[in-house]
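Q: My structure is below; once you've seen it, I'll send some questions.
2 protein chains.
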Amino acid sequence: MKEYDIIAFGTGSAMNIVSAVLNMDPRIRVAVIEKDRVGGICLTRGCIPSKMILYQAEMAAHVAQAGRFGIKVNGYTVDPMVALRRARHLIEEESSMIERSLIEHPQIDLYKGVGEFVDEYTVSVNGEEIRGEKILLCTGSRPLVPPIPGLKEAGYVTSDDFFFMDSLPKRWVVIGGGYVGLELGFFLAMGGRKVTLLEMKDRIAPVEEPEVSAVLQKKLGEVMDIRTRHKVVAVEKRGDRKVVVAEGPQGTVEFDADEILVAVGRRSNSDLTKPERTGVETDERGWIKTNEYLETTKPNIWACGDANGKYMFKHKANYESQIVFHNAFLGRRVKVDYHAVPHAIFTYPEAAAVGMKEEEAAAKHDILVGYYRYKDTAKGEAMMADDDYFVKVIVEDETYRILGAHIVGPQASILIQEVVNLMYTDDESAMPIFRGMHIHPALSEVVERAFYSLAPPHGHHHHHHHH
Amino acid sequence: MKEYDIIAFGTGSAMNIVSAVLNMDPRIRVAVIEKDRVGGICLTRGCIPSKMILYQAEMAAHVAQAGRFGIKVNGYTVDPMVALRRARHLIEEESSMIERSLIEHPQIDLYKGVGEFVDEYTVSVNGEEIRGEKILLCTGSRPLVPPIPGLKEAGYVTSDDFFFMDSLPKRWVVIGGGYVGLELGFFLAMGGRKVTLLEMKDRIAPVEEPEVSAVLQKKLGEVMDIRTRHKVVAVEKRGDRKVVVAEGPQGTVEFDADEILVAVGRRSNSDLTKPERTGVETDERGWIKTNEYLETTKPNIWACGDANGKYMFKHKANYESQIVFHNAFLGRRVKVDYHAVPHAIFTYPEAAAVGMKEEEAAAKHDILVGYYRYKDTAKGEAMMADDDYFVKVIVEDETYRILGAHIVGPQASILIQEVVNLMYTDDESAMPIFRGMHIHPALSEVVERAFYSLAPPHGHHHHHHHH
């Protein structure tokens, strides 16, 4: 049986750790196991290709609105396949490059297949058994496909397949109103496809603040048919058509589609890797249990990224990979800190958030809430920003410690960062905003103004009219 | 002679102070003197209308590039007068609103005319003499018009007139490559006008880092004819044409124009207000001397905004107005701090900067410099960001205190803010960037990556290829 210093599951964030370790000690032997295309979810079927195609959608939104600014466009057409092919080309190029570098690396053995634990520290892959002294479980996640009768038979795509489609048919039903469904649905809609999006809960983007969901629903609802409280109960194939049957507030409704995108969430890969056989505990959904040092319940086995089921974002995985490196290979005891993990939805408008939502913050602290509309800033007015776009910030009363921020509007994913940084200072205070300056009239003024409007909760929501 | 508690010069940033004072003590009597349209430079002929028209130019840049992303535009035309009229409408509406509120305010007398000191604390305006116990010299600035032979006779516009033009002729010569010339020139160019921009110095945007100037010159040079080292020596009127004669490296060159925009800088208004007659000293260029509490050399007279000649930006004026309020009316002794006054140029690409430039920083400190290209981030790649767009950050070695940041590329004016905020923490440290997270793949990653690439100077510039 081959023995390794490290067995790394996955070629995503695990590679951060492996390359840091090899930089430190070029003699160690590493087994890398990858069941899919090399490069990890983010590169091969996640953040990177999705943001690439979404930039087309954002540009299409600008072209569509150019007339408002005195730019007369004599018609235009959007070819979403141009964007999709560009994304696919990038994936294939980068993935092959990474794969080649792994294959050629003298200290690394790349196993392309599903790794399955068979015993303590022992993994079977492609019929071979290998043993590792330390094991990195960066096993990622995969799209959750709900057991909807007829779905499998009718056929569907998930974000795993989407970027590799050779054509994009005309009519789509997107099942799921989380960020994947919203982003890919928005891309399709801006690419001239007819999109119906079905969400079981009473609002899309249900992990966001309710008022953020409301704005997204209104704005994205201009290009997609968004139906909340619609639970898909069956799919039927009728000739070429796929018919999605959903139960909604008005009873059973049928939606015709040429293709179905399933985007209802992600599931653990532990059913494939079987970490319990080496003594690594998982929770009831299969996510690997980790402590604050990112140790699993078994010594010398660490987990990071989606595998632990917490904040499934690439930047969180990168962050955790640094912690695992410090704790597993530098003998440190660094604690993981999730108090300010930001995230964004890259539609147009974008949404971005960090830290606590208002309800959670109010339950734990005396809070002040600041709220400001894009439109009420000079740059927002210049952009003819929608009435609904806003920044909301939440601080602890008296200390002015920042607890959270929530933004919906263009450039939200950039605007949020000035708040995120302050949440990583020693006192997490909002005071630097008050002491400092914001460029006038940059869009960031909307963040500054939100802080300047801090007041006890409830006083704010009347600003948030829906016309 | 009418006596006031406060005489305020100008209806720009002075109004921040006046309204704060009136909030505190509604009985005080205030004289407000305004020689121009009410509202201050920023609103009536500066930041606000310029950003409004520049948004059209930015959108036109997107439409022009849409084809690269698979959006086929069947021709388009840009009507810059639509943007100009919109800006003018905003100016007129907001200015009248402010004027009305001043006229109707029971404690305020609005004097529309040039206020000129005639004696200590005594001002003559519209033939009337008034006296103030405290005086706020927020006298602003006005475009500097150089004594070029023939210029006056041929006729020209400055940023004072630009937003009120009834038409925009076809061929323009812009004299001056600072931010006003660049912004208005870019707007005209994107609006289909032929623009020649003449800059006396060896680079445009000469207050920026040299490599920022280089990128702006290359990119803006794609839509304007930019000539550096060209000194305008004469203007001649020949029939309908205006001929601008410049001396450049190849000798004398003539440029034909229908209109000339003069944008060579700004000058003090002290020649009009004559503050020396009340004992307020000015420097050799007429800017009012202020100490670190924003006191002038005469007790009970304060200055803020452009009037002191330092960092002529509206956000700096707003910041100073708060300090004057605290020091003049709350009995505090707050010192002014200019170590992190940010600014931006709102062309496409944008440029933004805060703090020291590399040369200045290296002369004063042991420094580390971080440099990263937009293109080398996931979002930069999605945007097909130009090879040249970059973020440069400068920190003090060992302490990691942030000394400056310089950005050229789309959204620079927003991206810079996360750095600005950290420069207003107690230790001004870059550490929160390293401890925290940046959303992947938001454009802000380019700032994070610049910090992650910190190294001693000189190691960086080889990254900055020009292809």
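Protein sequences appear in the order of chains A and B.
In this text, residue positions in the first sequence follow our numbering: the first is 1, and each later residue adds one.
In this text, residue positions in the second sequence follow our numbering: the first is 1001, and each later residue adds one.
Using N, Cα and C, we set each Cβ at its ideal position, and we do this for glycine too.
#1: Using a Cβ-Cβ distance under 8 Å, would Ser1101/B count as near chain A?
#2: Since Tyr319/A meets chain B, which of its residues come closer than 9 Å, beta carbon to beta carbon?
#3: Report the neighbours of Val1082/B on chain A: residues whose CB is nearer than 8 Å to its CB, in chain order.
#4: Since Ser1013/B contacts Gly1040/B with CB under 8 Å, what's their CB separation in whole angstroms?
#5: Mapping DSSP to helix, strand and coil, what is Glu1398/B?
#6: In whole angstroms, what is the alpha-carbon distance linking Val1393/B and Leu1422/B?
#7: Any idea which residues DSSP pairs Lys1128/B with across the strands?
#8: Could you tell me how far apart the beta carbons of Ala405/A and Ile414/A are, in whole angstroms, since I believe they sit closer than 8 Å?
#9: Who are the neighbours of Glu1348/B on chain A, taking C-beta pairs under 9 Å?
#10: In whole angstroms, what is the alpha-carbon distance linking Arg1238/B and Ala1060/B?
#11: Alpha carbon to alpha carbon, what distance is there between Phe1162/B and Phe313/A?
#12: By the 10 Å Cβ neighbour count, where 16 or more other Cβ atoms means buried, how is Lys2/A classified, buried or exposed?
#13: What first and last residue would you give for the beta strand (DSSP E) that runs through His440/A?
#14: Compile a chain-ordered list of the residues in the stretch 409-423 of chain A whose CB is closer than 8 Å to at least one CB of chain B.
#15: Against chain A, with Cβ distances strictly below 8 Å, would Ser1444/B count as a contact?
#16: DSSP puts His343/A in a beta bridge; with which residues?
#17: In whole angstroms, give me the CA-to-CA distance for Leu1330/B and Ala442/A.
#18: Which residues, in chain order, does the stretch 170-188 of chain A contribute to contact with chain B at a C-beta distance below 9 Å?
#19: Cα-Cα, which of Thr11/A, Pro146/A, Arg29/A and Glu120/A is closest to Ser96/A?
#20: Please confirm if Ser1453/B has its CB atom under 8 Å from at least one CB of chain A.
#21: Give the range of the alpha helix (DSSP H) segment to which Ile1148/B is assigned.
#22: Do Pro1410/B and Tyr1311/B have their CB atoms nearer than 8 Å?
#23: Quick one: what's got a C-beta closer than 6 Å to Ser1124/B's C-beta in the same chain, skipping five residues either side?
#24: In the DSSP assignment, what are the bridge partners of Asp1119/B?
#25: How should Glu183/A be labelled, buried or exposed, when 16 other C-beta atoms within 10 angstroms of its C-beta is the threshold for buried?
#26: In the DSSP assignment, what residue or residues form a beta bridge with Val78/A?
#27: Can you check whether the C-beta of Thr44/A is within less than 8 Å of a C-beta belonging to chain B?
#28: So Arg267/A and Arg142/A are supposed to be a Cβ contact under 8 Å. How far apart are they, rounded?
#29: Label Met1224/B either buried or exposed according to how many other C-beta atoms from any shown protein chain fall within 10 Å of its C-beta, with 16 as the threshold for buried.
#30: Strictly below 7 Å CB to CB, what residues from chain B border Lys379/A?
#31: Buried or exposed: which applies to Arg167/A, given that a residue is buried once 16 or more other Cβ atoms fall within 10 Å of its Cβ?
#32: Which term fits Thr1077/B, buried or exposed, when burial requires 16 or more other beta carbons within 10 angstroms of its beta carbon?
#33: Is the stretch 1147-1154 of chain B touching the stretch 1021-1039 of chain B in the sense that three or more CB pairs, one from each, lie closer than 8 Å?
#34: Give me the chain B residues within the contact set of Lys314/A, using Cβ-Cβ distance strictly less than 8 Å, ordered along the chain.
#35: Could you tell me whether the Cβ of Ile48/A comes closer than 8 Å to any Cβ of chain B?
#36: Quick check on DSSP: helix, strand or coil for Leu1137/B?
A: If we stick to the structure as given:
#1: Along the second sequence, one-based indexing puts residue 1101/B at 101. Not flagged as an interface residue toward chain A: Ser1101/B, since no C-beta distance is shorter than 8 Å.
#2: Within the first sequence, residue 319/A is the residue found at index 319, counting from 1. The answer, in chain order, is Gly1436 and Met1437.
#3: One-based indexing of the second sequence puts residue 1082/B at position 82. Chain A residues near Val1082/B: Phe69 and Gly70.
#4: If you number the second sequence from 1, residue 1013/B lands on position 13. If you number the second sequence from 1, residue 1040/B lands on position 40. Going by Cβ atoms, the distance from Ser1013/B to Gly1040/B rounds to 7 Å, so yes, they are a contact pair.
#5: As a working note, residue 1398/B is residue 398 in the second sequence. Correct three-state label for Glu1398/B: coil.
#6: One-based indexing of the second sequence puts residue 1393/B at position 393. One-based indexing of the second sequence puts residue 1422/B at position 422. Annotation: Val1393/B to Leu1422/B spans about 12 Å, alpha carbon to alpha carbon.
#7: Indexing the second sequence from 1 puts residue 1128/B at position 128. Here residue 1128/B is Glu; the residue named in the question, Lys, does not match the sequence. In the DSSP assignment, the residues bridged to Glu1128/B are Val1125/B.
#8: By 1-based counting over the first sequence, the position of residue 405/A is 405. By 1-based counting over the first sequence, the position of residue 414/A is 414. About 13 Å separates the Cβ atoms of Ala405/A and Ile414/A, ruling out a contact at the 8 Å cut-off.
#9: One-based indexing of the second sequence puts residue 1348/B at position 348. The question names Glu, but residue 1348/B in the sequence shown is Tyr. What Tyr1348/B touches in chain A: nothing, since even the nearest Cβ is about 12 Å away.
#10: Numbered from its first residue, the second sequence carries residue 1238/B at position 238. Numbered from its first residue, the second sequence carries residue 1060/B at position 60. Cα to Cα, Arg1238/B sits roughly 34 Å from Ala1060/B.
#11: By 1-based counting over the first sequence, the position of residue 313/A is 313. By 1-based counting over the second sequence, the position of residue 1162/B is 162. Each residue's alpha carbon lies about 48 Å from the other.
#12: As a first step, residue 2/A is located in the first sequence; it is residue number 2 there, counting from the start. Answer is exposed; the Cβ neighbour count stays below 16.
#13: Position 440 of the first sequence, counted from the start, is the residue given in the question as residue 440/A. Run containing His440/A: none; DSSP gives neither H nor E here.
#14: The residues in question are Gln411, Ser413, Ile414, Leu415, Ile416, Gln417, Glu418, Val420, Asn421, Leu422 and Met423.
#15: To locate residue 1444/B, count along the second sequence from 1; it is residue 444. Yes, contact with chain A.
#16: As a first step, residue 343/A is located in the first sequence; it is residue number 343 there, counting from the start. Looking at the DSSP assignment, His343/A forms a beta bridge with Ala353/A.
#17: The sequence position of residue 1330/B within the second sequence is 330, counting from 1. The sequence position of residue 442/A within the first sequence is 442, counting from 1. Inter-residue distance for Leu1330/B and Ala442/A is about 30 Å (C-alpha atoms, whole angstroms).
#18: Result list empty, no residue passes.
#19: Counting from 1 along the first sequence, the entry for residue 96/A is found at position 96. Its Cα nearest to that of Ser96/A, the residue Thr11/A stands out among Thr11/A, Pro146/A, Arg29/A and Glu120/A.
#20: Within the second sequence, residue 1453/B is the residue found at index 453, counting from 1. Taking Cβ atoms only, chain A never reaches closer than 8 Å to Ser1453/B, which makes this a no.
#21: Here residue 1148/B corresponds to residue number 148 of the second sequence, with the count starting at 1. Ile1148/B -> no alpha helix (DSSP H), and no H or E assigned at all.
#22: If you number the second sequence from 1, residue 1410/B lands on position 410. If you number the second sequence from 1, residue 1311/B lands on position 311. Cβ distance not < 8 Å, so Pro1410/B and Tyr1311/B don't count as in contact.
#23: Stepping through the second sequence from its first residue, residue 1124/B is reached at position 124. Excluding positions up to five away in sequence, the list reads Glu1116 and Val1118.
#24: In the second sequence, residue 1119/B corresponds to position 119, counting from 1. For Asp1119/B, which the question treats as bridged, DSSP gives the partners Thr1122/B.
#25: Within the first sequence, the letter at position 183 stands for residue 183/A. Glu183/A comes out buried.
#26: Along the first sequence, read from residue 1 onward, the residue named residue 78/A stands at position 78. DSSP lists Ile1071/B as partners of Val78/A.
#27: Walking along the first sequence from the start, residue 44/A turns up at place 44. Answer no: the Cβ-Cβ gap between Thr44/A and chain B never drops below 8 Å.
#28: The sequence position of residue 267/A within the first sequence is 267, counting from 1. The sequence position of residue 142/A within the first sequence is 142, counting from 1. About 6 Å; that satisfies the 8 Å criterion.
#29: For the purposes of this step, residue 1224/B is taken as residue 224 along the second sequence, with counting starting at 1. Buried: at least 16 other Cβ atoms inside 10 Å.
#30: Counted from its first residue, the first sequence places residue 379/A at position 379. Within chain B, the C-beta atoms nearer than 7 Å to that of Lys379/A come from Lys1051, in chain order.
#31: Position 167 of the first sequence, counting from 1, holds the residue named residue 167/A. The residue asked about is misnamed: residue 167/A is Ser in this sequence, not Arg. Exposed is the call here.
#32: For the purposes of this step, residue 1077/B is taken as the residue at position 77 of the second sequence. Burial call: exposed.
#33: Under the 8 Å Cβ criterion, the stretch 1021-1039 of chain B does not count as touching the stretch 1147-1154 of chain B, having fewer than three qualifying pairs.
#34: Locating residue 314/A in the first sequence gives position 314, where the first residue counts as 1. Result: His1440 and Pro1441.
#35: In the first sequence, counting from the first residue as 1, residue 48/A sits at position 48. Residue-level contact check: Ile48/A touches chain B, since one or more beta carbons of chain B fall below 8 Å from its beta carbon.
#36: Position 137 of the second sequence, counted from the first residue, corresponds to residue 1137/B. Here Leu1137/B carries a strand assignment [DSSP, helix/strand/coil].
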